[in-house]
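Each residue of the sequence shown is one higher than the last, beginning at 0 in numbering that gives the first Met the number 0.
Glycine included, each C-beta is placed from N, C-alpha and C at the ideal position.
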Amino acid sequence: MKPVKLEFKGLNSFSERAVIDFEPLLKSGIFGIFGETGSGKSTILDAINFALYGDIERNPDKLDKINYKCGELDVKFIFDIFSDGARRTYLVERNIKKKSGTHRALLYEYSADGSSQAIADNVKSVNDKITDIIGINKEDFRKCIALPQGEFAQFVNSAPSERIELIERLFNLQKYGKALKAKLSARENAAQTEYAATEGALTAYEDATKEKLQELEGAAFALQSALDGLKLAADEAEKHYSHVNKLLEQKEAYAAAAARLEKLRARKPEFDELGRVLPALAVCERACAEADKAEACAVRIDALKADGEKLARQSLSVKGQSDEVERELREGGLDSLAEKLQRESALMEGMLPTADTLAARRAELERCRRQYRDESANGAEYAKLRDNKSAELKKAAAELSRCPDLNIDEYFKNELKGGILKDEYARALDYIKQLRAEMRTYNDNSPLYDFVGGELDKKAEEYKELILSVKDARIDVNGELRRFRDALEMKKKLELAVKKFEGELNTAELRAKSSGERIAELKERGVRLAGECGELSGKLKQVFGEEDAEKCKAMAADTKAKLQNLRLRKTELTEKAEKLKLQLNEYDKMLAANGAEIRSLAEQRATSERAAEEGVASAKMESLAACRALIKKYDGYEKALEDFNAFTTEYAKAEGEAKNAEPEEGADSVTEDSVADALSAKIEARAAYSRNISELAVAQKSAADLKERLKTKAELKKKFDCIKRECDLLGRLKSLLRDNKFMEYIANEHLVNISGAASRTLIELTDGRYYLAYVDNNFCVGDNYNGGEMRKVKTLSGGETFLVSLSLALALSSTICNRSLKSIEFFFLDEGFGTLDGDLIDTVLSALEKLKNENFSIGLISHVEELKHRISSKILVNKATESHGSTIRISC
0 MKPVKLEFKG
10 LNSFSERAVI
20 DFEPLLKSGI
30 FGIFGETGSG
40 KSTILDAINF
50 ALYGDIERNP
60 DKLDKINYKC
70 GELDVKFIFD
80 IFSDGARRTY
90 LVERNIKKKS
100 GTHRALLYEY
110 SADGSSQAIA
120 DNVKSVNDKI
130 TDIIGINKED
140 FRKCIALPQG
150 EFAQFVNSAP
160 SERIELIERL
170 FNLQKYGKAL
180 KAKLSARENA
190 AQTEYAATEG
200 ALTAYEDATK
210 EKLQELEGAA
220 FALQSALDGL
230 KLAADEAEKH
240 YSHVNKLLEQ
250 KEAYAAAAAR
260 LEKLRARKPE
270 FDELGRVLPA
280 LAVCERACAE
290 ADKAEACAVR
300 IDALKADGEK
310 LARQSLSVKG
320 QSDEVERELR
330 EGGLDSLAEK
340 LQRESALMEG
350 MLPTADTLAA
360 RRAELERCRR
370 QYRDESANGA
380 EYAKLRDNKS
390 AELKKAAAEL
400 SRCPDLNIDE
410 YFKNELKGGI
420 LKDEYARALD
430 YIKQLRAEMR
440 TYNDNSPLYD
450 FVGGELDKKA
460 EEYKELILSV
470 KDARIDVNGE
480 LRRFRDALEM
490 KKKLELAVKK
500 FEGELNTAEL
510 RAKSSGERIA
520 ELKERGVRLA
530 GECGELSGKL
540 KQVFGEEDAE
550 KCKAMAADTK
560 AKLQNLRLRK
570 TELTEKAEKL
580 KLQLNEYDKM
590 LAANGAEIRS
600 LAEQRATSER
610 AAEEGVASAK
620 MESLAACRAL
630 IKKYDGYEKA
640 LEDFNAFTTE
650 YAKAEGEAKN
660 AEPEEGADSV
670 TEDSVADALS
680 AKIEARAAYS
690 RNISELAVAQ
700 KSAADLKERL
710 KTKAELKKKF
720 DCIKRECDLL
730 GRLKSLLRDN
740 KFMEYIANEH
750 LVNISGAASR
760 TLIELTDGRY
770 YLAYVDNNFC
780 VGDNYNGGEM
790 RKVKTLSGGE
800 TFLVSLSLAL
810 ALSSTICNRS
820 LKSIEFFFLD
830 EGFGTLDGDL
840 IDTVLSALEK
850 LKNENFSIGL
860 ISHVEELKHR
870 ISSKILVNKA
880 TESHGSTIRI
890 SC
């Protein structure tokens, strides 16, 4: 696994976002992370640990690791790894909110085209996926790739017992030491507990014996043999009881039937008389019904006659109302008035748009007049402005014409030539005097020096004469230049003023011209709108007598409302007339129906009276009152007939039951006592049979339970013997594992293997001189330059000790990584290196140079300045201040 890019913010002392690109750092094979103590160097390792596994070993609290200035901790880490024959790149993102403590995690995988796809989207799935991709968990990662400060040096300097504890911790050997002993003790305790429980369970089966089983089976056999005889006796007793009980029931049933028949015979004369009068009772009931019907018809006829008189009066009233409505419809002139209002309303409605148009034209005319007044005022202002700008332009042009023509070449030629020449001659004279003074310092009397000195003196005289011959030597050059610049500046200002006034004059003239055209346009438009308003006003006055739009609308609405009210009145009268006609028709129909019903009821009354008289005669009764008395006596024909039929049926049934209930022979001798004796004999026989069945079931169940208990007892005995053997075995194992001997043996095997791997690295680092071996619980170094002589590592120099420690650290890391079948591609040494002098630092760097290759890079974390200057690729970490957090600078 190789780091590609790391971004983090809000972690420990880093309050601003830090970005580290590892690709240029890894190209050299060795890079360093340098900074003062407490600057935050190890925080870079913390950020990688947090990105991959979601926590930091030295600060496990997820909120304490957040910088106090930040509201969240945010980390992004890109890494690649060689897997399944190809390199794969992944991006892991983690974020923790300080306020809520929410931990968000995402993991992406990059494809060959650079696109990414999320493969895990929560903390647990990201943690599991990272472990699966890298092949090692967070503890192994810290042990084999990012060892914390001073971790691997303990292999060299610690005592054998401490070294064993370190190996136990790094390789999780607790399962072979204390953990194994604890597990064995727990297993032994569990076995002892189970042993005691099984032994206690066996005591509950002491009474379960084969002899007792044989006894129970014999008792069950005896009960089974007596069962058939008891069943036969119980059946005979049941049969005898059923026979005598049947005879007693027949005897009692016959006595009850005879008593019931005797009681009915006493009532028979009464019902014989009822059977004789039943035909007359039916005729009397029909005669009374006809009489009641005739009476009802008479009452109904009187009520109908009263209703007919009332309907006649109501019909006459409705006829008067109908005639009044018809007269108003004929003589009211509603149609002609409606036609007149219709014409007026249509004319007014047609002219309403004209009223709106007149109001709009007048409003437009008023706006036109206001615009005309405003534009006239603006025109006067523009004319005044034009005259002012014209006067200002003439004034500025006159001042510009008075300015001289300023040509700088001519000005210098005429005004400053003498002063400039004098200055040049004076500078040349000073230069000649300096040369003459320098020649005097040589003290040389040769002819050449005399000649040169004479020439310089001549030149000096010549320049003196030239200076005296220049005219206007007293001219103030700087003052003349200043006056020239002032005059030139004044002329430029006047030229700009003339251009400005020309532009403003042109603008004023254009505005004045535009205003005049606008005034003419508004005047023409006002004349046209005034003519239109007059024409529209005349049309409105012809129709409404008014020209106000609102009054015209009100008049049109009033006329329309009158027309609608008139039409509504006509509609109401027409509907009322139709309604009254319908009412008259209804009254006529009701009067006709009333008369017909009265006639029909009169006919029904006569018919019913005749039928009643005929019925009285047919029943041979003296009068209708006698018929009613007979009906009252028997409560009506239907009730009398029902009672007669019920008695006749009950009497015939009683005779049949008395005849059928005659008992069998011998019933006279049966009594209730004999039946009770038979029942007691039956119950006793059945109880004896049931007791035999229950005792047999109990005996069989006890035998079956005893068989199961004997089987369980045998199984418990077998289990007890097995547990006893296990307890003995665990006791012997516990004695063998006393004092962690097994774990120490495995730890020593690991140390031998690690020293062998470290020896190969040490031979390479020291060009074949030193090798490493683990002898008698100590690391020893062999010197091939001294006949392979072995000596303890404590006798080595500082540089040699570092090489041995480095070899052991690499071997340890490789051993841990080999368990995950993943190769080591980079390695962090979080060591101070503060104890190394310059020579030892050279040794360290030389050793690291031999270790690095294309597939293996090394990162050093240190605060040593000399080491920082010797490594070209490095990350420089600056301490946090009051104004900002720790910062990072990368140098390659």
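Item                                                                                                                                                                  : Value
For the pair the stretch 496-511 and the stretch 391-399, tell me if three or more CB-CB distances fall below 8 Å.                                                    : yes
Between V18, K97, T36, which has its C-alpha nearest V74's C-alpha?                                                                                                   : V18
Among the candidates G37, R16, K8, whose CA atom is the shortest distance from the CA of S861?                                                                        : G37
Quick test of the definition: if touching needs 3 or more C-beta pairs under 8 Å, does the stretch 597-613 touch the stretch 279-293?                                 : yes
Whole angstroms are fine: how far does the CA of E138 sit from the CA of E865?                                                                                        : 33 Å
Considering only DSSP beta bridges, list what F825 is partnered with.                                                                                                 : S856
According to the Cβ coordinates, are Q116 and S110 closer than 8 Å?                                                                                                   : yes
For the stretch 559-572 against the stretch 238-250, are there 3 or more C-beta pairs whose distance is under 8 Å?                                                    : no
If I follow the unbroken beta strand (DSSP E) through E205, where does it start and stop?                                                                             : Run containing E205: none; DSSP gives neither H nor E here.
May I ask you to report which of helix, strand or coil DSSP gives E545?                                                                                               : coil
In this structure, does DSSP put L539 in helix, strand or coil?                                                                                                       : helix
In its own chain, which residues sit with a C-beta less than 7 Å from the C-beta of H883, not counting the 5 before and 5 after it?                                   : S14, E15
For K712, collect the residues of the same chain with a Cβ closer than 8 Å to its Cβ; drop the 5 residues on either side in sequence, then sort them by chain order.  : L201, Y204, A207
Say whether the stretch 215-226 touches the stretch 689-704, bearing in mind that this needs 3 or more beta-carbon pairs closer than 8 Å, one atom from each stretch. : yes
For R627 and A293, which I take to be in contact (beta-carbon distance under 8 Å), what is that distance rounded to the nearest angstrom?                             : Contact flag wrong, Cβ pair sits at about 15 Å.
Please return the same chain residues whose Cβ sits closer than 7 Å to the Cβ of N11, not counting the five positions on each side in sequence.                       : G39, T42, D45, K64, N66
Hey, out of S160, D704, N136, K250, whose CA is closest to E664's CA?                                                                                                 : K250
How many Å lie between Q563 and D547 at the Cα?                                                                                                                       : 24 Å
With DSSP collapsed to three states, give me the class of G781.                                                                                                       : strand
In whole angstroms, give me the CA-to-CA distance for L277 and I630.                                                                                                  : 10 Å
Less than 8 Å between the CB atoms is what I'm expecting for I840 and I29, so what's the real figure, rounded?                                                        : Going by Cβ atoms, the distance from I840 to I29 rounds to 13 Å, so no, they are not a contact pair.
In the DSSP assignment, find the alpha helix (DSSP H) that holds S754 and state where it starts and stops.                                                            : 740-764
The beta strand (DSSP E) that contains V697, what's its start and end?                                                                                                : Here V697 belongs to no beta strand (DSSP E); instead the alpha helix (DSSP H) covers 671-735.
May I ask you to report which of helix, strand or coil DSSP gives L90?                                                                                                : strand
Compute the beta-carbon to beta-carbon distance between T800 and V155, rounded to the nearest angstrom, for a pair I have assumed lies under 8 Å.                     : 6 Å
What whole-angstrom Cβ distance do A354 and C551 have, given they're in contact under 8 Å?                                                                            : 4 Å
Check each candidate in I135, R731, A846, Y770 and name the one with the smallest Cα separation from L764.                                                            : A846
Using CA atoms only, rank isn't needed, just tell me which of H239, G70, A221 is closest to V674.                                                                     : H239
So what's K8 in DSSP terms, helix, strand or just coil?                                                                                                               : strand
Assuming F825 and P2 make a contact with CB atoms under 8 Å, what is their CB distance in whole Å?                                                                    : 7 Å
Which of the three DSSP states, helix, strand or coil, is assigned to G614?                                                                                           : helix
Which value, in whole angstroms, describes the spacing of the CA atoms of L859 and G31?                                                                               : 4 Å
Could you please give me the residues that DSSP links to T886 through a beta bridge?                                                                                  : N877
Could you compute how far the alpha carbon of K717 sits from the alpha carbon of K723?                                                                                : 10 Å
What residue does the beta strand (DSSP E) around H862 start on, and which one ends it?                                                                               : Element bounds for H862: n/a, residue is neither H nor E.
In chain order, what residues of the same chain have a beta carbon less than 8 Å from the beta carbon of A290, not counting five sequence neighbours either side?     : S607, E608, A611, L623
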